[in-house]
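*Asks:* Residue numbers (this note's numbering): 3 to 89.
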């Protein structure tokens with residue numbers, strides 16, 4: 003994956019900024035390609051050991067947290083999607 007000097011990916015940057023639509027778009031592209039890199043991307047750690055999900059949580063970017071968690075559920079193929087919403 004493309005990353006900066008701190009090993010942060012575009013997902014990290016989008017999560018930090020609160021750009022859930024960008025996260026959705028990046029992950030949609032992965033979905034259309036059959037998830038070749040999605041597990042690597044969502045679990046990618048920067049030099050501080052943080053994933054994009056960690057960043058979104060730390061910054062209080064709830065929409066990004068939901069988007070990232072949903073993408074993980076879809077990538078797992080069949081996990082209970084309601085587990086994220088409490089429904």
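All C-beta atoms, glycine included, are put in the ideal place defined by N, C-alpha and C. As the structure is a prediction and not an experimental result, all values here were calculated from the model.
Is it buried or exposed for residue 53, if we count other Cβ within 10 angstroms and need 16 for buried?
*Replies:* buried
*Asks:* As a quick exercise: from 72, 64, 29, 71, pick the residue whose alpha carbon is nearest that of residue 19.
*Replies:* 64
*Asks:* By Cβ distance below 6 Å, which residues in the same chain neighbour residue 55 in space, the five residues on each side in sequence not counted?
*Replies:* 70
*Asks:* Under the rule that 16 or more other beta-carbon atoms within 10 Å means buried, what is residue 58, buried or exposed?
*Replies:* Classification for residue 58: buried.
*Asks:* State buried or exposed for residue 4, treating a residue as buried only when at least 16 other CB atoms are found within 10 Å of its CB.
*Replies:* exposed
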